[in-house]
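Counting along the sequence shown from 1, when you hit position 59 you're at 162 in the numbering used here, and nothing is skipped either side. This report refers to the structure that appears directly beneath it.
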Amino acid sequence: MTKLLTLEEWAQETYNSKQPTPQTLQRWARGGNIYPAPEKHGREYRVKPGAIYIQPKSYRLAKEIVKTSPNINSPLIEKINHGIKAAKI
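Shown next, in the form of structure tokens:
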């Protein structure tokens, strides 16, 4: 199991200069702007070391993430990838 980092540790690793404030990092965690999604442990969020910042409305990036993730196979993902062509449940 990999060691999870706090948001501040992740910001130090990810951003060389002009790190986001702790409030911004928490807003990103709550808003889904970090992938894979942070986990809340007690009062603080923890992220995997390879986490990245994303724009949540970027469908191109979302499709790219889905293609690289081998175990995602849900009806919602099928509809996102194939539009109307997805089979009905």
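By construction, the Cβ of each residue, glycine as well, lies at the ideal position given by its N, Cα and C atoms. Please read all numbers here as calculations on a predicted model, not as lab measurements.
If you draw a straight line from the C-alpha of residue i to the C-alpha of residue j, how long is it?
| i | j | result |
| --- | --- | --- |
| L108 | I137 | 13 Å |
| A114 | H144 | 18 Å |
| R163 | I157 | 11 Å |
| Y148 | K160 | 22 Å |
| G134 | T105 | 24 Å |
| V150 | T124 | 16 Å |
| R146 | E111 | 13 Å |
Taking DSSP's pairing of strands, which residues face residue i in a bridge?
| i | result |
| --- | --- |
| T105 | The partner list for T105 (beta bridge, DSSP) is empty, contrary to what the question assumes. |
Counting pairs of Cβ atoms below 8 Å between the stretch 137-146 and the stretch 117-124, do you hit three or more?
no
Unbroken alpha helix (DSSP H) runs of length 4 or more, entirely within the stretch 125-158: which are they?
125-134
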